[in-house]
Structures are given as C-alpha cells and as structure tokens.
Ligand SMILES: Nc1ncnc2c1ncn2[C@@H]1O[C@H](COP(=O)(O)OP(=O)(O)O)[C@@H](O)[C@H]1O
Ligand code: SF4
Ligand SMILES: [Mg+2]
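Numbering (the numbering used here), first residue to last: 4 to 340.
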C-alpha cells in the first residue's frame, strides 16, 4: 500500500519505472547538507511522458541522476521493469544502463570534442563490446534528422548546438532504451531550434517505443510534451496533474504562481508552432524570487515563505499528497479539492 507521500503512485498498469521515497543529499561542510531531493515518489507508464517542472535548484537534475544511479540516491528505491536498481552495485547496474538513458542540457560538453560523429553515435554500444555497422549508424543519424553523408566525419565544434543534441539523442537511442530521461534538453538551444528538437523527441518516442521523463523549468515546454506533470518545489512534490488539466484545474498555490507568470498564449503554443520561449518573452509577468536555502528548508510546508495562503499550521505540519480529482494530487493544507 502506498504511503501518504506516494499516494499518487498507480497500483496497476504497465509501469516501466517506479521511484519511491527518493532522497538526495549532498554534504556541505560543518555538518550541513544540501537537501536536494527530500522523499519524492513517482511512476512512469509504458509510452508515457512524465514532465518534472520546477524552478532552477528545486532538485530536478539530482532526481534524474539518482534514477540513473549517477550517483546513487541517499535513500529510496528505483524499480525499472521489476528490477530494483538501488543498491545493486556497479556491475549489475551496467546491465540495466542500456534501458535507461539520459540526455542533458548542454549537448556540446556532453560530447568528446576529439571524436567524429560516427564514433560518438557508436560509443555507447562499444562500451558493451558491440560494434554497430555503418548502416546502423547511418540509419540512426537519418532517424534523428542528420544527413549521414554530411555529418559522418564532423567533430562537435563543426556542428550547431541543435545538431550536437541530435547526436546525443542518436547515441542514446542506439542502446535501445525503454526510458529516456531528458534533462532540460532544449534550454541551452536557440529558440528557433527548440521546437525542432522537441518534435524529434516526440517522434522518437513513438518510433522507438520509449517512455520519457522530461525535466524542465519552462512550463510551456513541459506542458506541451508531457502526458502528466509533477511539479516540484525545493526537493518536494507539490502537485501531480494531467497536462491537459494544468491551465484550467491546477490547485496548488505554487503551480498557480508558475501559471500566473506565463501568458496564456505561451501555454497554447504547439510544440510544432511558434516556440514558447518567443511568446513568453513578449509578456512575462514573472519576477525572480530567491528560493529558500536547501541547506535549511522551511519547516512544515517548504513553500510557506512564498505562499499567499500560508497559515500557522503550514509552519508545523508537512502537507502530504492527496487526490483532489481523478489523476490530480496536491500537497497543501489550505486548498480544498
Ligand atoms: N554535486 C552537488 N553537490 C552539492 N550540491 C549540489 C550538487 N548538485 C546539486 N546540488 C544542489 O542541490 C540542489 C538541487 O540542484 P539540482 O538538482 O541541480 O536542481 P535543478 O536541476 O532543479 O536546477 C541545488 O541547491 C544545488 O545547488
Ligand atoms: S500547505 Fe500552506 S504554505 Fe503550503 S502551499 Fe498550502 S497553504 Fe501554502
Ligand atoms: Mg537541472
């Protein structure tokens, strides 16, 4: 039976990934620690894209890396197709690594600058002692929209950022993953190529039968690509909601704050249409507000120092996730579902 912090986990269905009570802490000297991720749980169904949304520093990348066991989480469990990944050691983890792949925000630094594209795409498999054929490499390059004859012998510095991200996607797909974790895959790219890479990810998901975890701080991007969205604040989950319900039905005060900072036009921008970032630049009401320190997160509800609805109870009791509508969960004392 799921605990209160994992009430949103689904008991049945084709779950490819189940993460429970994930905690990631980093030592920070003088007996302090950074509470990067503080007991989050989620699952991903076969063929689903789960978006993880939250401001910079809320623990999204730490969660993604902990799922990959790079490094392993401080505590919690990660189950991939019924295989427990936590605490299995390097050797056993290597066997699962193929089915769990990650692409990162900065594709240029993710690629060895001295290697050619053909070798970069092959290198993931070569670690396994498998040398892919030229045809396999060429067809994967075509699948990610890179003409093999043009890019074959190029090195990363001879490619654009968008092309480097395509190489990273090709390299990950060569391994035949079941789950692709995309950590801000378009945040470092020019606005004009963001939509192209998002479209490629959507196409690849269908073509290669993937499930995806899509991590980003950009609400419009996450909404467009995800089936469900998990909103995080300072290492905790605030709300889990279907993407189609986000704009109309989100209830958590933090989700509402995120929504209020994005004009409606940006929310409606299709993945293939005008890039959301362009729309947003024209009318953002958002302001930069500092997150409280993850060295000493607020007691009770971590959002209380910024919450317009905070009451005394919010300082003492930590709100647990509860279902407020089918498929929608919030952690808040003062919002009725
Ligand atoms: N290796 C690390 N050592 C110490 N602190 C870290 C490390 N990685 C991340 N952090 C801290 O953990 C918190 C969460 O970071 P991160 O997971 O990168 O957030 P996000 O991806 O949402 O921006 C931040 O306060 C960050 O400074
Ligand atoms: S629990 Fe309290 S502080 Fe937290 S989001 Fe709800 S009202 Fe705001
Ligand atoms: Mg990050």
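For every residue, glycine included, the Cβ atom is placed at its ideal position computed from N, Cα and C.
Judged by DSSP secondary structure, residue 48 falls within the beta strand (DSSP E) whose first and last residues are 36-48. If you look at residue 212, you'll find it isn't in any alpha helix (DSSP H); DSSP assigns it neither H nor E. Out of 250, 112, 182, 334, the CA that lies nearest to the CA of residue 101 is found in 182.
For ligand 2, the residues with a Cβ under 5 Å from any of its heavy atoms are, in chain order, 256, 304, 306, 307, 310, 312, 313, 317, 322, 335, 336, 337. The Cβ atoms of residue 175 and residue 132 do not sit closer than 8 Å to each other.
Using a 10 angstroms sphere on the CB of residue 137, the tally of other CB atoms stays under 16, which defines it as exposed. A direct Cα-Cα distance of roughly 5 Å separates residue 185 from residue 106.
DSSP lists no bridge partner for residue 305. Taking 8 Å as the cut-off, the Cβ atoms of residue 24 and residue 65 do not count as close. The secondary-structure analysis by DSSP pairs residue 86 across a beta bridge with 83. Taking C-alpha positions only, residue 304 is separated from residue 123 by approximately 45 Å. The beta carbons of residue 200 and residue 166 sit no closer together than 8 Å. Shortest gap from the CB of residue 39 to any heavy atom of ligand 1: under 7 Å. Taking the Cβ of residue 61 as the reference point, at least one heavy atom of ligand 1 falls within a distance shorter than 7 Å. Beta-carbon to beta-carbon, residue 260 and residue 242 are separated by about 11 Å, too far to satisfy the 8 Å threshold.
Distance between residue 53 and residue 21, taken at the CA atoms: about 12 Å.
When only Cα atoms are considered, residue 114 and residue 50 end up about 28 Å apart. Under the three-state reduction of DSSP, residue 196 is assigned to helix.
With a 10 Å radius around the Cβ and a threshold of 16 neighbouring Cβ atoms, residue 320 comes out exposed. Proximity of the segment 291-302 to the segment 226-246 meets the contact definition, three or more beta-carbon pairs being nearer than 8 Å. Between residue 125 and residue 135, the C-beta gap is smaller than 8 Å, which places the two residues in contact.
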